[in-house]
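Residue numbers (the numbering used here): -12 to 327. Ideal placement from N, C-alpha and C gives every residue a C-beta, glycine not left out. Single-structure report; data block below.
What follows is the structure, given as structure tokens:
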């Protein structure tokens, strides 16, 4: 495996490969920053998990300042792309054309047009291709998705997804706050829940969104209502405008006909099912590992079994980008946007 980009998500993925080194081994890394490339990740911050990096021993791992050299390395069979969003398409297409398997961080790209170019390259490529949508693999989210699919607690009546964070001030040169590079909070942060809602419920008929701009010219908060059938209420909430002390939180509240499911990351409480007849339970989750580990583990399985990803398909990741942009359009115009 060759990892391109050693920022927050890059070091996160690096750590996951170390946990599954019996199936995949990192043979090369790439970053344009000399200190990161030398293993000094002490200045690499983040908003979840291990929020601050450390010194890493990269002995025996090839270190490339130029991503094209990593892709050209014959020892690299799989490329993991963990760079700013505006670079995803170019790198993924080049890696696919070079015959590599490619895992690229979400969002897929900044526009559906770029996504379409990636899809076209993947269709002709020998290697496998997946966008890293960690929420589809998060244990609590997997439990919710299965509850909706099986109607274990009856039909879903209402769903509220939320993702909340302080202003992300940890990216190199604050690229994440530049909407031309990241797409702003809606495309960078909130797209997690956009993609997850699509995974669970499919495309809505229309979307109405409200938002505002505070930093860097991009939207920092969004509250969106997705319209499906008459008896289903779906609300998505995403923001990175909270004070630094807030940190990060994600969660959901799902109301079914016979019960409600509640999950809140920072509460310290496990996912809870509350039954109409009284009482509650904390069911066992589908896995004890998080979505970052699970998505990589799944993609490796797809490579080993020569199967195309089904849990997270590139086409669905393209749809998530299009829906996020529809939310931005609704916020800009103040009107609902029909979804095709």
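Of the residues the options, the one placed nearest residue i, counting alpha carbons only
{"i": "residue 169", "options": "95, 67, 31, 192", "result": "95"}
{"i": "residue -4", "options": "159, 246, 256, 182", "result": "159"}
{"i": "residue 51", "options": "-9, 5, 13, 35", "result": "-9"}
{"i": "residue 61", "options": "171, 43, 82, 303", "result": "82"}
{"i": "residue 282", "options": "11, 21, 124, 63", "result": "124"}
{"i": "residue 21", "options": "65, 53, 253, 235", "result": "53"}
{"i": "residue 156", "options": "172, 141, 149", "result": "172"}
{"i": "residue 207", "options": "193, 314, 46, 190", "result": "314"}
{"i": "residue 209", "options": "249, 312, 272, 326", "result": "312"}
{"i": "residue 67", "options": "279, 200, 221, 243", "result": "279"}
{"i": "residue 201", "options": "224, 42, 164", "result": "164"}
{"i": "residue 232", "options": "153, 307, 301", "result": "153"}
Delimiting residues of the alpha helix (DSSP H) encompassing residue i
{"i": "residue 103", "result": "99 to 111"}
{"i": "residue 173", "result": "171 to 175"}
{"i": "residue 184", "result": "178 to 188"}
DSSP state of residue i mapped onto helix, strand, coil
{"i": "residue 162", "result": "helix"}
{"i": "residue 136", "result": "helix"}
{"i": "residue 271", "result": "coil"}
{"i": "residue 130", "result": "helix"}
{"i": "residue 117", "result": "strand"}
{"i": "residue 217", "result": "coil"}
{"i": "residue 96", "result": "coil"}
For residue i, the first and last residue of its enclosing beta strand (DSSP E)
{"i": "residue 195", "result": "193 to 200"}
{"i": "residue 220", "result": "220 to 229"}
{"i": "residue -10", "result": "-11 to -9"}
{"i": "residue 322", "result": "No beta strand (DSSP E) holds residue 322; DSSP gives it neither H nor E."}
{"i": "residue 87", "result": "Neither: residue 87 is in no beta strand (DSSP E) and is coded neither H nor E."}
{"i": "residue 153", "result": "143 to 153"}
Whether residue i touches residue j by CB criterion (8 Å)
{"i": "residue 57", "j": "residue 73", "result": "no"}
{"i": "residue 75", "j": "residue 290", "result": "no"}
{"i": "residue 48", "j": "residue 13", "result": "yes"}
{"i": "residue 15", "j": "residue -11", "result": "yes"}
{"i": "residue 193", "j": "residue 318", "result": "no"}
{"i": "residue 177", "j": "residue 223", "result": "yes"}
Every unbroken beta strand (DSSP E) within the region 22 to 76, with a cutoff of 3 residues, ordered by chain
With a minimum length of 3 residues, the continuous beta strand (DSSP E) runs that stay inside the region 22 to 76 are 49 to 51, 65 to 68.
At 3 residues or longer, what runs of the beta strand (DSSP E) sit wholly inside the region -2 to 22?
Those beta strand (DSSP E) runs which fall completely within the region -2 to 22 and span 3+ residues are 15 to 17.
Please give the ranges of any alpha helix (DSSP H) in the region 238 to 305, keeping only runs that are unbroken, at least 4 residues long and fully inside the region.
Fully enclosed alpha helix (DSSP H) runs of 4 or longer: 278 to 292.
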